[in-house]
Amino acid sequence: MVEATESTSTEFDKEFFIEEVRQLSCLWDTNSSLYKDRTVKSNAWKKLSEIFDRDVDFLQRQLKNVKDSLKDVSTRGPR
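Right, here's the structure in full:
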């Protein structure tokens with residue numbers, strides 16, 4: 011019998027997600043010419059979907075949560 015550990019396959023590694031998104035500037039860099047290219051962005055989301063074995067909607071919500079958290083910290087400061 012295998013005991014559950016902290017890093018089960020159902021958990022989502024946000025730090026790894028952030029590192030992967032950081033490499034795909036088309037998803038976050040509004041100054042990039044690729045930011046407005048829907049095909050490039052769609053392919054980037056598909057790539058992330060394959061890496062994390064999650065659907066694109068879930069990953070997009072995760073990125074929104076991260077960005078919203080950063081906005082909160084930058085306007086209010088850390089909790």
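The numbering of the sequence shown is the numbering used here, which starts it at 11 and goes up by one.
Built from N, CA and C at the ideal position, the CB exists for glycine as well.
Predicted, not measured: the structure shown is a model, and the values here were computed from it.
Check whether the Cβ atoms of residue i and residue j sit closer than 8 Å, and answer yes or no.
{"i": "A54", "j": "L34", "result": "yes"}
{"i": "E30", "j": "I61", "result": "yes"}
{"i": "D23", "j": "C36", "result": "no"}
{"i": "V50", "j": "S59", "result": "no"}
{"i": "I28", "j": "V83", "result": "no"}
Which residues mark the beginning and the end of the alpha helix (DSSP H) in which residue i is found?
{"i": "F26", "result": "K24 to R32"}
{"i": "L37", "result": "No alpha helix (DSSP H) contains L37, which DSSP labels as neither H nor E."}
{"i": "E21", "result": "Neither: E21 is in no alpha helix (DSSP H) and is coded neither H nor E."}
DSSP state of residue i, grouped into three classes?
{"i": "K74", "result": "helix"}
{"i": "S42", "result": "coil"}
{"i": "R64", "result": "coil"}
{"i": "A14", "result": "For A14, the predicted model reports a pLDDT of 39, less than 50, meaning its position is unreliable; a value from the coordinates is still stated below. Here A14 sits in coil by DSSP."}
{"i": "D47", "result": "coil"}
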